[in-house]
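Q: Quick note, the sequences are listed as chains A and B, same order.
For the first sequence, my numbering assigns the number 1 to the initial residue and increments by one for each residue that follows.
For the second sequence, my numbering assigns the number 1 to the initial residue and increments by one for each residue that follows.
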Amino acid sequence: MLHTFVSYVEDRPGVLTRVASLFRRLNINIISLTVGRSEREGLSRMTIVAEASSEAGHRIRASLFKLENVVDVDDIAQAPAVTRELALIKVAATPQNRAQIFDLVEVFRARIVDLTTESLMIEMTGVESKIEGLIEILREDESRILEICRSGKMTMRRGHHVSSVLKAMGKGAEEAAEEAEESVSESETA
Amino acid sequence: MTGKAQARAKTVEAKAIATEEIEASERAHLTTPTRLTGAEILWATLVGEGVQEVFGYPGGAILPVYDALRKFPIRHVLVRHEQGAAHMADGYARASGNVGVAMATSGPGATNLVTGIATAMLDSVPMVCITGNVSSKVLGTDAFQEIDITGITLPVTKHNFLVTKAEDVASALRQAFQIARSGRPGPVLVDITKDAQQATAEFNFEAAKPRSYRPHPMLRVEESGLAEAAELIRNAKRPVILAGHGVMESGAMEQVRTLAERAQIPVGLTLLGIGGFPATHPLCLGMMGMHGESWVNHAIQEADLLIACGMRFDDRVTGTLSSYATKAKKIHIEVDPAEINKNVKVDVALVGDLREVLEELLPRVSARDGSAWLKTIEASKGAVAVRDIKNLPDSGHLYAAHVMHDLWRLTGGNAIIVTDVGQHQMWEAQYFHHDLPRTLITSGGLGTMGFGLPAAIGAKFACPDKEVWLIAGDGGFQMTQSELATIVQEKIKINIAIINNGYLGMVRQWQEFFYERNYEATPLVSPDFVKLADAHGIPGRAVRKRSEVEAAVGEARSNPGPFLLNFMVEKEDAVYPMIPAGSALHEMIRRPERDPLEELAGDM
Ligand SMILES: Cc1ncc(C[n+]2csc(CCOP(=O)(O)OP(=O)(O)O)c2C)c(N)n1
Ligand SMILES: [Mg+2]
Numbered sequence: 001m002l003h004t005f006v007s008y009v010e011d012r013p014g015v016l017t018r019v020a021s022l023f024r025r026l027n028i029n030i031i032s033l034t035v036g037r038s039e040r041e042g043l044s045r046m047t048i049v050a051e052a053s054s055e056a057g058h059r060i061r062a063s064l065f066k067l068e069n070v071v072d073v074d075d076i077a078q079a080p081a082v083t084r085e086l087a088l089i090k091v092a093a094t095p096q097n098r099a100q101i102f103d104l105v106e107v108f109r110a111r112i113v114d115l116t117t118e119s120l121m122i123e124m125t126g127v128e129s130k131i132e133g134l135i136e137i138l139r140e141d142e143s144r145i146l147e148i149c150r151s152g153k154m155t156m157r158r159g160h161h162v163s164s165v166l167k168a169m170g171k172g173a174e175e176a177a178e179e180a181e182e183s184v185s186e187s188e189t190a
Numbered sequence: 001m002t003g004k005a006q007a008r009a010k011t012v013e014a015k016a017i018a019t020e021e022i023e024a025s026e027r028a029h030l031t032t033p034t035r036l037t038g039a040e041i042l043w044a045t046l047v048g049e050g051v052q053e054v055f056g057y058p059g060g061a062i063l064p065v066y067d068a069l070r071k072f073p074i075r076h077v078l079v080r081h082e083q084g085a086a087h088m089a090d091g092y093a094r095a096s097g098n099v100g101v102a103m104a105t106s107g108p109g110a111t112n113l114v115t116g117i118a119t120a121m122l123d124s125v126p127m128v129c130i131t132g133n134v135s136s137k138v139l140g141t142d143a144f145q146e147i148d149i150t151g152i153t154l155p156v157t158k159h160n161f162l163v164t165k166a167e168d169v170a171s172a173l174r175q176a177f178q179i180a181r182s183g184r185p186g187p188v189l190v191d192i193t194k195d196a197q198q199a200t201a202e203f204n205f206e207a208a209k210p211r212s213y214r215p216h217p218m219l220r221v222e223e224s225g226l227a228e229a230a231e232l233i234r235n236a237k238r239p240v241i242l243a244g245h246g247v248m249e250s251g252a253m254e255q256v257r258t259l260a261e262r263a264q265i266p267v268g269l270t271l272l273g274i275g276g277f278p279a280t281h282p283l284c285l286g287m288m289g290m291h292g293e294s295w296v297n298h299a300i301q302e303a304d305l306l307i308a309c310g311m312r313f314d315d316r317v318t319g320t321l322s323s324y325a326t327k328a329k330k331i332h333i334e335v336d337p338a339e340i341n342k343n344v345k346v347d348v349a350l351v352g353d354l355r356e357v358l359e360e361l362l363p364r365v366s367a368r369d370g371s372a373w374l375k376t377i378e379a380s381k382g383a384v385a386v387r388d389i390k391n392l393p394d395s396g397h398l399y400a401a402h403v404m405h406d407l408w409r410l411t412g413g414n415a416i417i418v419t420d421v422g423q424h425q426m427w428e429a430q431y432f433h434h435d436l437p438r439t440l441i442t443s444g445g446l447g448t449m450g451f452g453l454p455a456a457i458g459a460k461f462a463c464p465d466k467e468v469w470l471i472a473g474d475g476g477f478q479m480t481q482s483e484l485a486t487i488v489q490e491k492i493k494i495n496i497a498i499i500n501n502g503y504l505g506m507v508r509q510w511q512e513f514f515y516e517r518n519y520e521a522t523p524l525v526s527p528d529f530v531k532l533a534d535a536h537g538i539p540g541r542a543v544r545k546r547s548e549v550e551a552a553v554g555e556a557r558s559n560p561g562p563f564l565l566n567f568m569v570e571k572e573d574a575v576y577p578m579i580p581a582g583s584a585l586h587e588m589i590r591r592p593e594r595d596p597l598e599e600l601a602g603d604m
């Protein structure tokens, strides 16, 4: 199954290697990985998506916590969460077929962010299936897609789940996770 | 002040910091900030952490550190190979429970440490390795003797640091010590560039103190878990305690013993658990697993409850997992959450420090009558023990089992025994009965040949007043035998027993059992070890008959300096019982029915 981990790690050299190396050692393929600054000073936030057996989640989370530079790990599992991906897609476009692409972009609620005589660039944010839907339709016309750049998934739990807040209230990350699962039942909307 | 005078002043200052005040008041010297070089800060920090010995080998990239050593009250032990330094630090840590420290230069010095670091990692031994590296300005340029040792050791250390500034030396080292000894212990490497050693910075030991240790956030000992565990213990008909290395690491010997005695539960030991529960205790079953005695493994397979204490269900103790202890409920008490349900699915997990967990559990455990189960196990021993080689009359042959048994008897079981890896290691575990913790030092997880001699040296430094014996095979001894010179240079007393069977015995045994006796690459020509010892000025003698064992051991023990005994044992002897890889725990190869002495008579 697909596992999604959200992890806060120290923002210093080598930390990404340590996290990646852990998955390598377990012979688990990382399907997507996004890293960026977080709301916590000096900490980066990672969203790691990996394919592994259903029991592997516990061990991966426990092993991540064993890394000195890892501050927090949340195993999103089936909890209600919002997941988004960003894609930049450059397509060949002539004055003749531009309008058609514009319509497509409109339908998918994407945006045109660059336009030249021969090409245009589409920016799209959404769940994976939506991005794949757009790509699929663009592919109907061979040789139209010139480049695709996808960010990988970013995931955030729904509801008022803030690990640091719950911690400050004296609860462990685990309990916090359970509570968040209980308190929010709204499901993913695409 | 002239440069020289300044240097002298600094020296005096550092000396004052390092030596005098530490005697006067424990930590006073560490609270006064002073400007020192990175190299001096390194030693001052080690002093502050209570380090007395460092095992190491110098080279260009760590020379500033070596240059500063004379100002500090630390004994440096010059090894003959950096692998030896790592094993010595490891042996020191295992014997004392304190963090061992090894040191090496960059490049080849650092890579030579790797086997030793991996050995400590797999056995959860607290150790700090310090390496020099090239100047930070040339890092990443393939400068002379530059190697990415933090990259190389990433998977075999608990954590590692690259330090490029003098002002970071103290905090990195202090953090390294904290990490090495906390939670599930392990080795930590600190790589320090040459410019960081040479630059100066303010040294303030107290200020360099790491944030307080954060226990693993997934540690979990709940009321419900404790209650459930107590309930399982109360209702069990055939319980077995499985005691591992964690018993020692956590210092839970008393608590395990109380649990066993109160609830009358027999105790099986892992190889690294030996010493955690007295071998001569009536409830002790001995070692479990691949070369465990049949009654231990049978008891586990028949058990209806296993209480795993600080052990990790390694494949060497479980055999095939699908048929492992299928009738038993399992309680796992373990400090590392990543070990829970890794190999064996458990019913109750109490994730925390073993001693603390048992302290919480014990009040819920009341006295229980375990006699029926204990009798069943006792009955299952019957015939096995009779067939055991140690009970056979002396026919002039020398068996390793005899040597182990006699060593145990003659030393009163009080010595620290350090083994190498192979058949002799298993015979030691079977026939030398350890009643005390930290008296068997052996490489379990990695099974590193060459571990023995250097680890024995480390153990002797940790426990100078204890009798230390190395028991090594003729193969493994040759891997690190150069450390004989270290013994001589450091003037330490170690007794060395080489179990000389002319083979890489354990591999030969596998070839005998599973490869149609195709003894490829296992017959082994060795130097005359007695002469080799003699070349180092170490006396020794060869022992060929059982009748000679007692006198020879006596001679070694009474010799004031090191002594080497070359036990010329039966060449094609095998360790029994044995569970072939991929078999279930009860499917063991038993001791031969025939008298093994008769069987081997034709070999003469
Ligand atoms: C560094 C290393 N290389 C290879 C092995 C594989 N191995 C395990 S036991 C053994 C034989 C050891 O022979 P010896 O030291 O003579 O001990 P014996 O088994 O004869 O008692 C070997 C080669 C190992 N454990 N470690
Ligand atoms: Mg041998």
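Ideal Cβ placement from N, Cα and C applies to all residues, glycine included.
Comparing the C-beta of residue 23(A) with each C-beta of chain B, is any distance below 7 Å?
A: no
Q: So is the beta-carbon of residue 495(B) under 6 Å away from any non-hydrogen atom of ligand 2?
A: Using a cutoff of 6 Å, the CB of residue 495(B) does not count as near ligand 2, since none of the ligand's heavy atoms is closer than that.
Q: Which residue or residues does DSSP assign as beta-bridge partners of residue 190(B)?
A: DSSP, once it has assigned bridges, lists 130(B) and 161(B) as partnering residue 190(B).
Q: For the putative contact between residue 484(B) and residue 441(B), defined by C-beta atoms under 8 Å, what is the C-beta separation to the nearest angstrom?
A: Incorrect: roughly 18 Å between the Cβ atoms, too far for contact.
Q: Should residue 332(B) be flagged as near chain A, meaning a C-beta pair shorter than 7 Å?
A: No, its Cβ sits nowhere closer than 7 Å to a Cβ of chain A.
Q: Going by the CB atoms, is the gap between residue 121(B) and residue 156(B) shorter than 7 Å?
A: yes
Q: Using DSSP with H/G/I as helix, E/B as strand and the rest coil, what is residue 270(B)?
A: coil
Q: Would you give the residue range spanned by the alpha helix (DSSP H) that residue 407(B) belongs to?
A: 400-411
Q: Among residues of its own chain, excluding the 5 on either side of residue 209(A), which ones have a beta-carbon nearer than 6 Å to its beta-carbon?
A: Residue numbering for chain A in the displayed model covers 1 to 190; residue 209(A) lies beyond these limits and cannot be assessed.
Q: Which word fits residue 428(B), buried or exposed, when buried means at least 16 other C-beta atoms lie within 10 angstroms of its C-beta?
A: Residue 428(B) is buried by the Cβ-count criterion.
Q: For residue 4(A), I'd like the list of residues in its chain whose CB is within less than 6 Å of its CB, leaving aside the five on either flank, ordered along the chain.
A: 49, 76 and 155
Q: For residue 588(B) and residue 580(B), what's the separation of their Cα atoms in angstroms?
A: 7 Å
Q: Considering only the alpha carbon of each residue, which of 280(B), 325(B) and 283(B) lies closest to residue 297(B)?
A: 325(B)
Q: For a test of the three-state rule: what should DSSP assign to residue 250(B), helix, strand or coil?
A: helix
Q: Where in the region 336-394 of chain B do unbroken runs of the beta strand (DSSP E), each at least 3 residues long, occur, reported from the N-terminal end onward?
A: Within the region 336-394 of chain B, the complete beta strand (DSSP E) segments at least 3 residues long are 348-351, listed from N- to C-terminus.
Q: If you measure from the CB of residue 504(B), is any heavy atom of ligand 1 nearer than 6 Å?
A: yes
Q: Helix, strand or coil for residue 25(B)? Go by DSSP, reduced to three states.
A: Interpretation of residue 25(B) is limited by its pLDDT of 46, a score under 50 that renders its predicted location unreliable; the figure taken from the coordinates is listed afterwards. DSSP, read as helix, strand or coil, puts residue 25(B) in coil.
Q: Assess contact between the region 87-100 of chain B and the region 444-454 of chain B, defined as three or more Cβ pairs (one per stretch) separated by less than 8 Å. Is contact present?
A: yes
Q: Closest to residue 203(B) by CA distance: which of 54(B), 302(B), 328(B) and 37(B) is it?
A: 37(B)
Q: Between residue 68(A) and residue 159(B), what straight-line distance do the alpha-carbon atoms span, to the nearest angstrom?
A: 7 Å
Q: Tell me, to the nearest whole angstrom, how far the beta carbon of residue 358(B) is from that of residue 266(B); I am working on the premise that it is less than 8 Å.
A: The Cβ separation is near 17 Å, so there is no contact.
Q: Along chain B, in chain order, which residues have C-beta atoms closer than 7 Å to that of residue 18(A)?
A: The answer, in chain order, is 154.
Q: Check whether the Cβ atoms of residue 176(B) and residue 125(B) lie closer than 7 Å to each other.
A: no
Q: Please report how far the alpha carbon of residue 271(B) lies from the alpha carbon of residue 30(A), in whole angstroms.
A: Residue 271(B) and residue 30(A): Cα-Cα distance of roughly 36 Å.
Q: Excluding five sequence neighbours on each side, which residues of the same chain lie with their C-beta closer than 7 Å to the C-beta of residue 110(A)?
A: For residue 110(A), where only same-chain residues beyond five positions count, the Cβ hits under 7 Å are 122, 123, 124 and 134.
Q: Taking only beta-carbon positions, decide if residue 578(B) is within less than 7 Å of chain A.
A: Using a CB distance cut-off of 7 Å, residue 578(B) does not count as an interface residue toward chain A.
Q: Closer than 7 Å by beta-carbon distance: list the chain A residues that pair up with residue 337(B), in chain order.
A: 62
Q: Please confirm if the region 398-414 of chain B is in contact with the region 424-438 of chain B, defined as three or more CB-CB distances below 8 Å between the two stretches.
A: yes
Q: Compare the C-beta of residue 169(A) against all C-beta atoms of chain B and say whether one is closer than 7 Å.
A: Per-residue confidence for residue 169(A) stands at a pLDDT of 44, beneath the threshold of 50, marking its modelled position as unreliable; the derived number appears in the next sentence. For residue 169(A), the answer is no, since every Cβ of chain B falls outside 7 Å of its Cβ.
Q: How far does the beta strand (DSSP E) with residue 76(A) in it extend, from its first residue to its last?
A: Here residue 76(A) belongs to no beta strand (DSSP E), and DSSP marks it neither H nor E.
Q: Is any heavy atom of ligand 2 found at a distance shorter than 6 Å from the C-beta of residue 607(B)?
A: No answer is possible for residue 607(B): it lies beyond the span of chain B, which begins at 1 and ends at 604.
Q: Tell me, please, which residues DSSP counts as bridged to residue 332(B).
A: 308(B) and 349(B)
Q: From this set, 502(B), 380(B) and 559(B), which residue's C-alpha is nearest residue 566(B)'s C-alpha?
A: 502(B)
Q: Helix, strand or coil for residue 5(A)? Go by DSSP, reduced to three states.
A: strand
Q: Drop a sphere of 10 angstroms on the beta-carbon of residue 100(A), count the other beta-carbons inside from all chains shown, and report buried for 16 or more, exposed for fewer.
A: exposed
Q: Rank 547(B), 530(B), 546(B) and 115(B) by C-alpha distance to the C-alpha of residue 540(B) and give the top, closest one.
A: Nearest C-alpha to residue 540(B): 530(B).
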